[in-house]
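Written out below as structure tokens is the structure these notes cover.
Residue numbers (our numbering), protein chains in the order written: chain A, 27 to 300; chain B, 2 to 515.
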């Protein structure tokens, strides 16, 4: 078997994510205009006038809005993925490794969360909290962990019976050592894959919450722009297309980088390449 | 005379980066009608790929050259419909693992009939022929309505044979068809293949790594070493007087029984008393088993699969909790285990060094002590120090088994439980690992509870053996006594099924004794 190489695609994806990171940190300083200010006529077309990406329904500069939106979207994408991954892996690992009644209890809890329609549940949570970026992240996290828990559980159950894990048990290793050092590194690959897909879901959920007016109204995000642009899709396509493309590219880049990272962490592929 | 199958100058290239340029190189041999040709070699010698090439089953990435002549056609160049007509109808094939070769969601009878119907039988004649085939392979008619998972390994392999011979092919390719089976089942399947082959006058190409099997079944032998034919000839000649040094080496590595127990074992390191382990489902389990392992003693647990030998080993190391009975460990350290599969027993994501050192630390050593001990153990098992920074996949099967032994030794146990530790290894590597066990016992006074299904290995290594039969000890005593004068039917059955004993007895210069 030969390992995948770090090619042009992986480098481009990495550079794109690096650019987004810079924009997320320094975005508000770099924008040509204040994203909340009307700086031109409404619905100016992109690539024609002084506003590169055109203007929106209120005549705000689309480019500035996009740049400022990076921070919120990236923050939601990162945190609302990291939190449920950690929670899901923890619950799945306990259930899968310990088995028995603990497994029963944790899995019934997981199913309880899965049976509630996740979007409605997220909306209820946001409505109960103060509308802010943090409550949005908390709500998305609360509804996204169950699939991770189920995946982690099945991985842990399969790996628990493997011979190297049994050897570690006989050697007298603690449960924490076995879960953390022996099983987890081998269980990670599918979790990394599901994680890179969850980033997209988080960004879109945030936009849906924003669309219903339950998000932070003072926060510019790609989701906010996308939902604002949807209403005028036929007359001003760019209002929805630019944030949509931005989300797609980000998710794609995260997927590519996630895959490459996964390969780089796998000693079998690493040596095959060398 | 022209062969049924004529392989000429077959070369199968391996992708760049493999350990050699070609899987097989300039391979030439024949299989005539009515003869069984055994293709023998170690794993990685290219024998299975050769078998696959005959039926056009090579992975597309592997380029092949040469000619595989079969009834005037070149199998390497056949495509599509022509190839499908030959497959099954004129050349049948059976595989090593009958469970994965059968469709799990289709009744056995329907699977056999499907082959017949695809090649032109109507529903009724297919049904009738299917019943005849079951009878010919020694299966009751009721098996037709069963699902594959309800059958035993031997029955599944019989079903596979029924499917392979359904269309009366003139050539049968068998790729290690008995390797996954018990010895007694293996003996039955070998006899069945031999009978069917005689009755139908088929040519058979039989791929195996086991010279015992060769001795049972082969008319002619082709020996492969790293993709090249090193020796070919009538089975009798090759087995009695091998001409090539590699064949000599392979045959010499077959374990031979050792007579006379070694130095009397002093005080037991482990005592198992009235051990029972019952499982809720199925009959497998252990019932009221008692034995002890002396210091520096190698005690063998032998028996068919399902006889409970592995369960006993797992109870001794604590992976399985006994239903009743006691296990008393007297030596230092917990008993450690060496597993069968050298590929699964080392963590693929951790370096060997991390695994060894952590094992030492778990046994209470400081980090520097554990690191120093890891080097000592590596030297002991004969793997160079550089292994510490490497991962399991960078080692061969034999080296991995050595590393697994090194890990087991890290906590300084008096007793090792070895569960079929050489069953997955080629005979040459097996010989080296057995030597390692012998050395550890001699130099370290290590006691070993050695679980195996292979009587030859047990005869060579073990001081005493316990023969298990359906979860109970049938007989226990000095190995040579038990294997040379079995008193229990289970022992006799195992001995009887051992392949190749007419050619190479378990104990050399076997003579009848009073």
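Each residue gets a CB set at the ideal place from its N, CA and C atoms; glycine is no exception. Computed from a prediction, not measured in an experiment: that's the story for all the values here.
Query, Result
"Just to confirm, is the Cβ distance from residue 91 of chain B to residue 193 of chain B under 8 angstroms?", "no"
"Compare the beta carbon distance of residue 107 of chain A and residue 205 of chain A with 8 angstroms and say whether it is the shorter of the two.", "no"
"Taking the alpha carbon of residue 46 of chain A as the reference point, which residue from A:185, A:120, A:263, A:92 has its own alpha carbon closest?", "A:92"
"For the candidate residues B:338, B:351, B:240, B:218, whose alpha-carbon lies nearest to that of residue 292 of chain A?", "B:351"
"At 9 angstroms on the CB atoms, spell out the chain B contacts of residue 343 of chain A, in chain order.", "Lying outside 27 to 300, the shown extent of chain A, residue 343 of chain A is not represented and no answer is given."
"Taking just the CA atoms, how far does residue 332 of chain B sit from residue 317 of chain B?", "13 angstroms"
"Please report the distance separating the alpha-carbon of residue 99 of chain B from that of residue 33 of chain B.", "26 angstroms"
"In whole angstroms, what is the alpha-carbon distance linking residue 505 of chain B and residue 421 of chain B?", "22 angstroms"
"Under a CB-based cut-off of 8 angstroms, is residue 188 of chain A close to chain B?", "yes"
"Going by alpha carbons, who is nearest to residue 483 of chain B out of B:384, B:313, B:301, B:356?", "B:301"
"Flag residue 364 of chain B as yes if its beta-carbon sits less than 8 angstroms from any beta-carbon of chain A, otherwise no.", "yes"
"What does DSSP give as the partner residue(s) for residue 208 of chain B in the beta ladder?", "B:40, B:176"
"Which partner residues does residue 74 of chain B have in the DSSP bridge list?", "B:71"
"Taking the CB atoms as reference points, tell me whether residue 345 of chain B and residue 190 of chain A lie closer together than 8 angstroms.", "yes"
"Which of the three DSSP states is assigned to residue 421 of chain B in this structure?", "coil"
"So the alpha helix (DSSP H) residue 369 of chain B belongs to, where does it begin and stop?", "368 to 382"
"Which chain B residues sit within Cβ distance under 8 angstroms of residue 198 of chain A?", "335, 363, 364, 412"
"Using three-state DSSP, classify residue 434 of chain B as helix, strand or coil.", "helix"
"What's the call for residue 457 of chain B, buried or exposed, on a 16-neighbour Cβ count within 10 Å?", "buried"
"In terms of alpha-carbon separation, which member of B:312, B:473, B:184 lies closest to residue 524 of chain B?", "Here chain B has residues from 2 to 515 only, and residue 524 of chain B is not among them."
"Let's test the definition: count the other Cβ atoms within 10 Å of the Cβ of residue 308 of chain B and tell me whether it reaches 16, buried, or not, exposed.", "buried"
"Measuring CA to CA, which of B:425, B:409, B:199 is closest to residue 198 of chain A?", "B:409"
"What's the call for residue 387 of chain B, buried or exposed, on a 16-neighbour Cβ count within 10 Å?", "exposed"
"Do the region 432 to 451 of chain B and the region 233 to 242 of chain B touch if we need at least three Cβ pairs shorter than 8 angstroms?", "no"
"Anything in the region 317 to 345 of chain B with a Cβ closer than 7 angstroms to a Cβ of chain A? List those residues in chain order, please.", "318, 319, 320, 335, 337, 338, 340, 342, 345"
"For residue 208 of chain A, which of B:360, B:336, B:451 has the nearest alpha-carbon?", "B:360"
"DSSP has residue 233 of chain A in a bridge; who is on the other side?", "Answer is none; residue 233 of chain A lacks a bridge partner."
"Does any residue of chain B bring its CB to less than 8 angstroms from the CB of residue 192 of chain A?", "yes"
"Chain A beta carbons: is any one of them nearer than 8 angstroms to that of residue 360 of chain B?", "yes"
"Whole angstroms are fine: how far does the CA of residue 430 of chain B sit from the CA of residue 401 of chain B?", "11 angstroms"
"In this structure, how does DSSP classify residue 337 of chain B when only helix, strand and coil are distinguished?", "strand"
"Rounded to whole angstroms, how far is the Cβ of residue 269 of chain B from the Cβ of residue 294 of chain B, which I believe are closer than 8 angstroms?", "6 angstroms"
"Taking the Cβ atom as the reference point for each residue, do residue 95 of chain A and residue 251 of chain A lie within a distance shorter than 8 angstroms?", "yes"
"Using 8 angstroms as the Cβ pair cut-off and three pairs as the minimum, do the region 18 to 29 of chain B and the region 220 to 234 of chain B touch?", "yes"
"If you run the structure through DSSP and keep just helix, strand and coil, what is residue 64 of chain A?", "strand"
"Go ahead and label residue 71 of chain B buried or exposed: buried means 16 or more other beta carbons lie within 10 angstroms of its beta carbon, across all protein chains shown.", "buried"
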